[in-house]
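Chains as they are written, first to last, in the UniProt record's numbering: chain A, 1 to 259; chain B, 1 to 589.
Report on the structure given below.
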Amino acid sequence: MPDVSKMKKPDVKVVLLGDMNVGKTSLLHRYMDRKFKETISTIGGAFFLKQWGPYNISIWDTAGREQFHGLGSMYCRGAAAVILTYDVTNWQSLAELEERFLSLTDTALQDCIYALVGNKADLTDQQAQLAQDPDGQPQDQTESRDRTDTLLSACPTPPDSPASLSGVHKQVTREDAVALYGRILHYKGLDEKSSLPADKMCFETSAKTGFNVDAMFETLFDLVLPSILRKRNENQRSPTVDLEEYREVGSKRSRSGCC
Amino acid sequence: MEKDNRQEEEAQGVKICDPPSDSNPPADTLATSLSLLGNHMFPDPSCRNDSADVNKDELADSRLPDDAAAEEPGMDEEPPSNQVTKLETEETDCDASSQPPDTETEDAAVSNDQNDSGEFVVTMLAKAKLEEQGIGVKGRSSPLLEAGPEESPAFVSHRDEDVTADSWRQHRKHVFVLSEAGKPIYSRYGSEEALSSTMGVMMALVSFVQSGDNIIRSVYSEEHTVVFLQKGPLVLVCVSSSRQSEQQLRGELLYVYYQIISMLTQASISRIFEHKKNYDLRRLLAGSEKILDGLLNLVDSDPSFLLAAVHCLPLASSLRDSLSQILQKAITANLVFSILIAKNQLLTIVQEKTVIEDSRLEPADVHLLLNLIGASSAFQAGEIWTPICLPLFNPDCYFYAYISYLDPPECTVCLLLLSTDKEAFYAVAECKRKIEEAMAAQNSLSLIAKAQSYSVSQVGVSDLRHFMYKPFDVPDNYRQLTQFTSPEMEAPYSSEEEKMRLLDLYRYMHSRIHSTSRPLKLIYHVAERETLLAWVTSKFELYTCFSPLVTKACAITAITKLLRWIKKEEERLFIRYPPKYSTTPNPRL
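Pasting the structure below:
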């Protein structure tokens, strides 16, 4: 078996989906380059390779614009994890996930895992405003839940109120996301008890401050590992000769992680 | 001294190309209707002239200096006149749905003394801007403004400009795109919402003239030229104070149209509007505004668009050949174009042999690709895979473009691979690995890094400050990409203002040479601070800029030397024999 780190073919595919301007590119940029900077609306989809231990994880950062909607299912084909991203200050961005993006995931793997990520939490949340340690300590999930609860009682915003120009309100609560997660499982025909719990799969992040970003990506990567191992076992059992593998052995170049 | 149509433009009033039929409404009816339209929308006629006169002072500066054609100092500058306005329309077929014909028929123009109407049109457009901001309508602010898209600090740009401000009106060139139903699609400055009634007036003008089996082409006022272009269900309007010719402005609108097509395809736009006349196309173009903004900035600052030719980076022919060979070897099924770009200029281009046997890549399509790359460099370590339509190649179909930088984090060398297979990303990405490996083996990146544009001093012709040379004499067995070569703009054209001034002079020369009513072969133009000579032959098109006081004889001698130098250097300056490859066509549905 060839050295896995030299394999250029990615082991597993993770896709970022969500409406335009929710911060998909910024989340990935924060995670890969440890930076937050102004981005331009993504064109089509952008492919990144992340080295995760001995594995290569490919990440597709897709365009949220309706213009590229037709490509969505192509980017999702064979995905092991889909990150459904919304903007916590924009109710419509959560609604779009259900209306526009969920059906794109039909081409993903049968056992694909889904994460719901509410970005721009720094705009609504004191805690998310603090810049993270650059090394990114994974956040305790229970802690983040408490935080949301206190915020909820402090500022009960009706979900459909428009964002005012003076101050940005939180339009999507964690409960809304958890409820949507339930509906996603239902849509996929998955049993809630045997699936990953909503608590674990709903995140609130800030690409601007780095809040919860590493925790989100790394939780997912750890969760898709079983999928990688299973895929590899299947490949080993496959009686077909894989020319790719032979070609790879001779080649010295390896594409390391992007940063 | 020649007189071109600039003289005619001074004729006052409305001009309509007289159709042979009697069905055309008389010009006075048109004027009355325009006035009625105006009165209906803006009941107070007293502020009619306020907004149309904003740029009066600027005009004096921006106007081109007198020119001397063929050694004779001429004075063909337009005298300022109070009502220099013209509404020009073009005759169409009886079938109102037909496309506007490409040919110009200016000769048939009939002048009518309706002094007010053209001026009124411009005033109306300006007033519409006031109206929609609620100015003059006390205590009522526009609901459109409040319902604008969510503001985010990252997007504070021209989009959020106050369209009532003087600064908004003083922009050199406005571009608007709207649908036939009058729905705003794009505005270069200010948000489309805030401009919806202005665009409504534009559409009213277009439809009114159309109802008389005519097509509105342009409106001239003292400071502004308003040019209209109708393409399928889209209407594009340019309001310019740049003194460019109508043909040039229309060409720029065509680029904007093509850029939209490159993102959506012509077929899908037609389908959408057939299905729903008042569809809001911004839904599909949302996020693409920066691509259009970028295109318009390039159009203003890069002469490639004016010349409809591609600028390639000067490179030793051996290096260019070796790069081409690398691209030629790294192929996969359904790959049709491999393009290498450095510093936004072409290094080499390799194309599939059979798929495009008798067609070639048009310069305009390359410009759109280069603009797309410039506008998509947000996060450069990744590999982009996106559908893209090349409108001149085929306006109705998508290619799939693979875009990746070869030298992160500098990101100056960009590889663009075009495939016809939507699913080919991994195969095409594999081609990139091969190209990367081969380039690493040959140390190509560091060689490319050394390549740069040249200085005019290398030509060794004194008094020559700058030039643009576009040859037509390419080997005819290759229907080749039209290219041009040009040195860096150096002192005295180093500041942005001076660069723009030189480009404006070139644009002026270009408009004179390519005047539809009176095309010229050679112009010797003594400007205020330099002397220019433009020359078109069957083999090339050349624009040169000399220091002042260079006589015509001196300029001709210098040009002879320049042409000799270009001939000597052409292997380095141009892509001479674009190589091809063959990928087994494997059509997939």
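Note that CB positions come from ideal geometry on N, CA and C, so glycine has one too.
Option in the options with minimal Cα separation from residue i
| i | options | result |
| --- | --- | --- |
| L296(B) | A449(B), Y493(B), E252(B) and F467(B) | E252(B) |
| H525(B) | Y506(B), L562(B), A308(B) and F425(B) | Y506(B) |
| E96(A) | D191(A), H69(A) and G44(A) | H69(A) |
| E430(B) | L335(B), P363(B), T485(B) and Y493(B) | L335(B) |
| I184(A) | T219(A), L102(A) and V224(A) | L102(A) |
| E541(B) | E530(B), H514(B), K561(B) and E222(B) | H514(B) |
| N344(B) | L313(B), T332(B) and S318(B) | L313(B) |
| N90(A) | G118(A), R100(A), D111(A) and E38(A) | G118(A) |
| K24(A) | A79(A), E192(A) and D87(A) | D87(A) |
| M202(B) | C554(B), Q230(B), D166(B) and Y189(B) | Q230(B) |
| P409(B) | F228(B), H510(B), G382(B) and Y220(B) | G382(B) |
| F217(A) | L116(A), A128(A) and N235(A) | L116(A) |
| Q244(B) | N214(B), V206(B), L306(B) and G212(B) | L306(B) |
| E569(B) | P492(B), F484(B) and Y543(B) | F484(B) |
| H171(B) | C397(B), S211(B) and D300(B) | D300(B) |
| A204(B) | V235(B), Y220(B), Y186(B) and S187(B) | V235(B) |
| I575(B) | M263(B), E192(B), S241(B) and S322(B) | S322(B) |
Per DSSP, cross-strand counterpart(s) of residue i
| i | result |
| --- | --- |
| M468(B) | Y543(B) |
| N119(A) | D87(A) |
| E204(A) | G118(A) |
| Q210(B) | DSSP output for Q210(B) lists no bridge partner at all. |
| C312(B) | L346(B) |
| K13(A) | S58(A) |
| I403(B) | I384(B) and L416(B) |
| A534(B) | I523(B) and Y543(B) |
| T560(B) | Partner(s): none; T560(B) has no beta bridge. |
| residue 600(B) | Nothing can be reported for residue 600(B): it is not among the residues displayed for chain B, which extend from 1 to 589. |
| L234(B) | S179(B) and K231(B) |
| A427(B) | Beta-bridge pairing links A427(B) to no other residue. |
| K450(B) | The partner list for K450(B) (beta bridge, DSSP) is empty, contrary to what the question assumes. |
| F47(A) | W60(A) and E383(B) |
| P408(B) | BP columns for P408(B) are empty, so no partner. |
| W52(A) | Y55(A) |
Closer than 7 Å at the beta carbon, the chain B residues around residue i
| i | result |
| --- | --- |
| R65(A) | A286 and G287 |
| L71(A) | P387 |
Closer than 9 Å at the beta carbon, the chain A residues around residue i
| i | result |
| --- | --- |
| R518(B) | The premise fails here: R518(B) is roughly 44 Å from chain A at the closest Cβ pair, so nothing lies under 9 Å. |
Cβ shell of residue i (< 7 Å), same chain only, five flanking positions each side left out
| i | result |
| --- | --- |
| K35(A) | H29 |
| Y46(A) | Checking the displayed sequence, the identity of residue 46(A) turns out to be Ala instead of Tyr. Hits under 7 Å: D61. |
| R230(A) | none |
Chain-ordered chain A contacts of residue i [CB-CB under 8 Å]
| i | result |
| --- | --- |
| L264(B) | Q67 |
| L372(B) | I43 |
Own chain, CB closer than 6 Å to residue i, minus 5 neighbours either side, in chain order
| i | result |
| --- | --- |
| G64(A) | G18, D19 and M20 |
| T386(B) | A401 |
| L327(B) | S338 and V350 |
| P579(B) | S324, Q328 and V350 |
| S58(A) | P10, K13 and L49 |
| V461(B) | A558, K561 and L562 |
| C94(B) | A caution first: C94(B) carries a pLDDT of 37, below 50, which makes its placement in the model unreliable, though a value can still be read off. Cβ within range, chain order: n/a, list empty. |
| V239(B) | H174, H224 and V226 |
| K277(B) | A181 |
| L392(B) | E362, A364 and D365 |
Proximity test, residue i beta-carbon vs the ligand COA heavy atom, cut-off 7 Å
| i | result |
| --- | --- |
| M263(B) | Questions concerning the ligand COA fall outside what the structure shown contains, since it holds no ligand whatsoever. |
Residues that residue i contacts on chain A, provided the C-beta gap is smaller than 7 Å
| i | result |
| --- | --- |
| K422(B) | M74 |
Neighbour list for residue i in chain B, Cβ cutoff strictly below 8 Å
| i | result |
| --- | --- |
| A46(A) | F379, G382, E383, I384 and W385 |
| M20(A) | A286 and G287 |
Neighbourhood of residue i by C-beta, 8 Å cutoff - its chain only, sequence neighbours within 5 removed
| i | result |
| --- | --- |
| E571(B) | S317 |
| K353(B) | K580, Y581 and S582 |
| S97(B) | Model confidence at S97(B) stands at a pLDDT of 38, short of 50, so the residue's coordinates are unreliable and nothing is read from them. |
| A163(A) | Because A163(A) carries a pLDDT of 43, less than 50, the predicted location of this residue cannot be relied on, and the following value inherits that uncertainty. Result list for A163(A): T89, N90, H169 and Q171, in chain order. |
Would you list, in chain order, the members of the segment 270-284 of chain B that have their beta-carbon closer than 8 Å to a beta-carbon of chain A?
R283 and L284
Residues of the segment 379-398 of chain B with a CB closer than 7 Å to any CB of chain A: list them in chain order, please.
F379, A381, G382, E383, I384, W385, T386 and P387
Could you name the residues of the segment 184-207 of chain A whose beta carbon sits closer than 9 Å to any beta carbon of chain B, in the order they occur along the chain?
none
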